[in-house]
Amino acid sequence: LYGGSVTAVGDVTSDLLCSVTLCPSGRLTIVAHREQDVTLPCQTRSRAAIIAAEWSRPDQESHYVFFYRDDQADKTHQHPSFEDRVELADGRMKGGNLSLILRHVRRSDGGTYECRVKQETAARRKRAFISAEPISIVDLRVTESRECFTHFNPQRSKGKFFLNSPLKVSSIKHKTRVFSQVPEQSRLVL
Numbered sequence: 007l008y009g010g011s012v013t014a015v016g017d018v019t020s021d022l023l024c025s026v027t028l029c030p031s032g033r034l035t036i037v038a039h040r041e042q043d044v045t046l047p048c049q050t051r052s053r054a055a056i057i058a059a060e061w062s063r064p065d066q067e068s069h070y071v072f073f074y075r076d077d078q079a080d081k082t083h084q085h086p087s088f089e090d091r092v093e094l095a096d097g098r099m100k101g102g103n104l105s106l107i108l109r110h111v112r113r114s115d116g117g118t119y120e121c122r123v124k125q126e127t128a129a130r131r132k133r134a135f136i137s138a139e140p141i142s143i144v145d146l147r148v149t150e151s152r153e154c155f156t157h158f159n160p161q162r163s164k165g166k167f168f169l170n171s172p173l174k175v176s177s178i179k180h181k182t183r184v185f186s187q188v189p190e191q192s193r194l195v196l
């Protein structure tokens, strides 16, 4: 089991992510405040050209959250609740960054999000859900309180994760051995 601590870097605001925890669950869980903008992280490891990228929710099978192909967002079958509220964090997907910004989070946005990518040439259908396994699974919980936690699996993400806040991991421990210490007053919940 892994654990860690985070310290705020720079200006601390109300949008600050409060905790980062490494866990073996295979998923990333983000708790966001209602009306907050949140980034759902997704990163491809391959350097191949991205043909299409899809963010979907398993409970919305006939619609997707965000679909990108032919060098632009395709809103043809986008779920109406995400219209004009989602965009790629990096529109050019530089370095394989497929992270999605969800603006003005609503309580109904809570749930599981899956990111898929198509990086090889293939015949395209008019409306194509990507059938590959997700490269990122994010569980979004929406809360009214100001408490916010993030959990992710370092094995699934190969130790890479992206946060939409000015934080850095300043202590990582394996079991009970701490590799670097953080002053107790600077330590946030783990």
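One point on numbering: in the numbering used here, the residue at position 168 of the sequence shown is 174, and numbering is uninterrupted.
Ideal Cβ positions, reconstructed from N, Cα and C, are used throughout, including at glycine.
>> Considering just the uninterrupted stretch of the beta strand (DSSP E) at K124, what are its terminal residues?
In response: Stepping through the sequence shown from its first residue, residue 124 is reached at position 118. First-last of the beta strand (DSSP E) with K124: G117 to K124.
> Buried or exposed: which applies to S105, given that a residue is buried once 16 or more other Cβ atoms fall within 10 Å of its Cβ?
Replying inline: The count along the sequence shown starts at 1 and reaches residue 105 at position 99. Buried.
> By a C-beta neighbour count over all protein chains shown, 10 Å radius and 16 as the cutoff for buried, is Q2 buried or exposed?
Replying inline: An answer regarding residue 2 cannot be provided, because it is not within the stretch 7 to 196 covered by the chain.
>> Which of the three DSSP states is assigned to R51 in this structure?
In response: Reading the sequence shown from its first residue, position 45 is the one you call residue 51. Of the three classes helix, strand and coil, the one that applies to R51 here is coil, per DSSP.
>> Mapping the DSSP letters down to three states, classify S68 as helix, strand or coil.
In response: If you number the sequence shown from 1, residue 68 lands on position 62. Residue state, collapsed to three classes: coil.
> Secondary structure at S87, three-state DSSP: helix, strand or coil?
Replying inline: Translated into positions along the sequence shown, residue 87 becomes position 81. Reduced to three states, the DSSP call for S87 is helix.
>> Tell me the DSSP secondary structure of S105 in three-state form.
In response: For the purposes of this step, residue 105 is identified with residue 99 of the sequence shown, where counting begins at 1. DSSP places S105 in coil when its eight states are reduced to three.
>> According to DSSP, simplified to helix, strand and coil, what is E150?
In response: The count along the sequence shown starts at 1 and reaches residue 150 at position 144. Looking at E150 - three-state DSSP - the assignment turns out to be coil, as it is neither helix nor strand.
>> Using only the alpha-carbon positions, how far apart do G199 and Q49 sit?
In response: What the structure shows of the chain is the stretch from 7 to 196, and residue 199 is not part of that stretch, so it cannot be assessed.
>> Using a Cβ-Cβ cutoff of less than 6 Å, which residues in the same chain neighbour H85 once the five nearest sequence positions on both sides are dropped?
In response: Taking the sequence shown and counting its residues from 1, the one referred to as residue 85 is at position 79. Hits under 6 Å: Q66 and H69.
> Any contact of the region 39–55 with the region 105–115, i.e. 3+ C-beta pairs under 8 Å?
Replying inline: yes
> For P64, which residues of its own chain have a beta-carbon under 7 Å away from its beta-carbon, when the five flanking residues on both sides are left out?
Replying inline: By one-based count along the sequence shown, residue 64 stands at place 58. Closer than 7 Å at Cβ, skipping near neighbours: T118 and E120.
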